[in-house]
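Asks: The opening residue of the sequence shown carries number 48 in this note's numbering; numbering runs sequentially from there.
I am attaching a structure below and will ask some questions about it afterwards.
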Amino acid sequence: MIGGIIGKPEEVGMDKTSLDKVIKTLENQVSEGLHTGVQLHVSRKGQIVLDVAVGEAKPGIQMRNDSILALWSSGKPWTTVAIAQLWESGKLSINQTVQSIIPEFKNGKETCTIRHVLIHAGGFPMLLYPKWLTANWEEIIVDICNETAEYKPGTQCGYHPRASWIILGEIIRRIDGRRIDDYLNEEIFVPLGMDSSYLGMTKERAKNLGDRLALKDTPDEAEKMHLWINNFEGRIYPGTNGYSTANDMGKFYRTLWNGGEWDGKRILKEETVKYFTATHRMGIADLTFSILSFQIAPDWGLGFTKGKSSSIGCSRDTFGHGGRSSCVNFCDPQVDLIFNLNSNTMLSQEQNLMRREAIVSKVYDACRYKFK
48 MIGGIIGKPE
58 EVGMDKTSLD
68 KVIKTLENQV
78 SEGLHTGVQL
88 HVSRKGQIVL
98 DVAVGEAKPG
108 IQMRNDSILA
118 LWSSGKPWTT
128 VAIAQLWESG
138 KLSINQTVQS
148 IIPEFKNGKE
158 TCTIRHVLIH
168 AGGFPMLLYP
178 KWLTANWEEI
188 IVDICNETAE
198 YKPGTQCGYH
208 PRASWIILGE
218 IIRRIDGRRI
228 DDYLNEEIFV
238 PLGMDSSYLG
248 MTKERAKNLG
258 DRLALKDTPD
268 EAEKMHLWIN
278 NFEGRIYPGT
288 NGYSTANDMG
298 KFYRTLWNGG
308 EWDGKRILKE
318 ETVKYFTATH
328 RMGIADLTFS
338 ILSFQIAPDW
348 GLGFTKGKSS
358 SIGCSRDTFG
368 HGGRSSCVNF
378 CDPQVDLIFN
388 LNSNTMLSQE
398 QNLMRREAIV
408 SKVYDACRYK
418 FK
């Protein structure tokens, strides 16, 4: 284990003995094979109380606090904040159509707005798109634009794993002129000191990072689902291939908790943070997540999951995002709590839920607070 409890947790209402139990739970989960390696970063009221790394980043290499792991969809809020910045500066409207910025966006998607995209109601989930590992950015944009809508935008909802956030990245490029990875680096990562965060991973960057770059281990069947596990070809997919540390994600969420500013660096106005993290979709069945007659209706902010989506222990005001059965990052403003967990082991959804809840529940116990 590297790291541990930081400072005096009792100063922000955290129980040190309970935090020791959190660490013990992580160690036990590694011993049980639920993680090969894992990072956990927790802060409350802006103060870091726990920053720990357990297990291995890759075979024979200790997981460290500065080890860099794939985030999967947990990186989506980066692009959300970029869109929020453009909205705040008056360069786009949430209710304007995608087609007003990308004229070739068509085939039943003409009424799709940026709001629809952010709440996953755009109608183009493209779950079976076969070219994720072969097409370049330009070709993917053409294919998304030509994709026939599965339903009229805004009339139904279904999680869009990749296609919608690529469209957001293209909107940013056409308005601002920068590629989404450059924009995120210059407008979010550098100002917040997130020097271990990247969108996309090239072979050169992977080589330079050396043993700091952790590897995801996962069931073989995941490869059949077009997941580019440990594939460092430099692809830029804003919704799925961010890389970071739990510590860096803590900086990101502390900034949002603090109204868009941290350590003298402001990336958003407080009212913008409140608007984007408010609940904008509630009680609507999700076509992607729902299975047969069992309907799942998660709440959504604009580009953020809300409430119990992060954990059953969270308040309804919680905002954040999980990532492919291996990580979750969130802010619970009712408890002034930031939680950043990243494992390099992808499990089934059921197994991942069980290990995640075992950790989250103990963190809330340490806060001496539980929601009913």
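Heads up, the beta-carbon is just placed ideally off N, CA and C, and yes, glycines get one too.
Under a three-way DSSP split, which group does D333 fall into?
Replies: Strand at D333.
Asks: So for T1, helix, strand or coil by DSSP?
Replies: Absent from the structure is residue 1, since the part of the chain shown begins at 48 and ends at 419.
Asks: Between the C-alpha atoms of R111 and V96, what's the straight-line distance to the nearest angstrom?
Replies: R111 and V96: Cα-Cα distance of roughly 17 angstroms.
Asks: Would a C-beta distance cut-off of 7 angstroms place W368 and P208 closer than the cut-off?
Replies: Rather than Trp, the amino acid found at residue 368 in this sequence is His. No; because the gap between Cβ atoms is not below 7 angstroms, this pair is not in contact.
Asks: Within the same chain, show all residues whose beta-carbon is closer than 7 angstroms to that of K409, passing over the 5 residues directly before and after it, in chain order.
Replies: Counting only Cβ-Cβ distances below 7 angstroms, and skipping sequence neighbours, we find S65, K68, V69, T72.
Asks: Please name the residue in S373, Q86, G257 whose C-alpha comes closest to that of T292.
Replies: Nearest option by C-alpha distance: Q86.
Asks: From K254 to A332, what distance separates their C-alpha atoms?
Replies: Cα to Cα, K254 sits roughly 43 angstroms from A332.
Asks: Give the single residue among I49, R363, Y284, L133 whose Cα lies nearest to the Cα of S114.
Replies: With distances taken between Cα atoms, S114 lies closest to I49.
Asks: When you compare the CB positions of H167 and C192, do they come within less than 7 angstroms of one another, or not?
Replies: No; because the gap between Cβ atoms is not below 7 angstroms, this pair is not in contact.
Asks: Along the chain, where does the alpha helix (DSSP H) that runs through W119 open and close?
Replies: That residue, W119, is in no alpha helix (DSSP H); its beta strand (DSSP E) goes 116-119.
Asks: I'd like to check one pair, G330 with K316: are the Cβ atoms closer than 7 angstroms?
Replies: No, the Cβ-Cβ distance between K316 and G330 is not below 7 angstroms.
Asks: Using the C-alpha atoms, what's the distance from S395 back to E268?
Replies: With a pLDDT of 47 at E268, under the threshold of 50, the modelled position of this residue cannot be trusted; read the value that follows with caution. Looking at the two C-alpha atoms, the distance is approximately 11 angstroms.
Asks: Going by DSSP in three states, D62 sits in which element: helix, strand or coil?
Replies: In the structure shown, D62 sits in coil (DSSP, three-state: anything other than H, G, I, E or B).
Asks: From this set, P285, T160, M248, N154, which residue's C-alpha is nearest E217's C-alpha?
Replies: If we check each option's Cα against that of E217, P285 comes out closest.
Asks: With distances taken from CA atoms, which of K263, G360, L334, G170 is nearest S373?
Replies: Closest by alpha carbon: K263.
Asks: E233 to E79, Cα distance in whole Å?
Replies: Each residue's alpha carbon lies about 41 angstroms from the other.
Asks: When you compare only the Cα positions, how much space is there between I52 and K63?
Replies: Rounded to the nearest angstrom, the two C-alpha atoms are 8 angstroms apart.
Asks: Tell me, to the nearest whole angstrom, how far the beta carbon of L139 is from that of I161; I am working on the premise that it is less than 8 angstroms.
Replies: About 7 angstroms separates the two Cβ atoms, so the contact holds.
Asks: Give a yes or no on whether 7 angstroms exceeds the smallest Cβ distance from L118 to chain B.
Replies: The chain labelled as chain B is not found in the depicted structure, where only one protein chain is given.
Asks: Under three-state DSSP, which class holds W309?
Replies: The answer is strand: DSSP assigns W309 an E or B state.
Asks: Relative to the C-alpha of L116, which residue among C378, Y198, T392, I148 is closest?
Replies: Ranking the options by Cα distance to L116, first place goes to T392.
Asks: So, with DSSP's three-state summary, where would you put E79?
Replies: Here E79 sits in coil by DSSP.
Asks: Give the straight-line distance between the Cα atoms of L424 and Y290, rounded to the nearest whole angstrom.
Replies: Lying before the first or after the last residue shown, residue 424 is absent from the chain, which here runs from 48 to 419.
Asks: At which residue ranges does the stretch 158-211 contain complete beta strand (DSSP E) runs of 3 or more residues, listed in the order of the chain?
Replies: Fully enclosed beta strand (DSSP E) runs of 3 or longer: not present.
Asks: When you compare each of V382, V145, M61 to R220 by their alpha carbons, which one comes out closest?
Replies: Ranking V382, V145, M61 by Cα distance to R220 puts V145 first.
Asks: Roughly how many whole angstroms lie between the Cα atoms of D98 and G54?
Replies: D98 and G54: Cα-Cα distance of roughly 11 angstroms.
Asks: For my contact list, A196 and N142 are in at a C-beta cut-off of 8 angstroms; report their separation, rounded to the angstrom.
Replies: At roughly 18 angstroms, the Cβ-Cβ gap does not stay under 8 angstroms, so A196 and N142 are not in contact.
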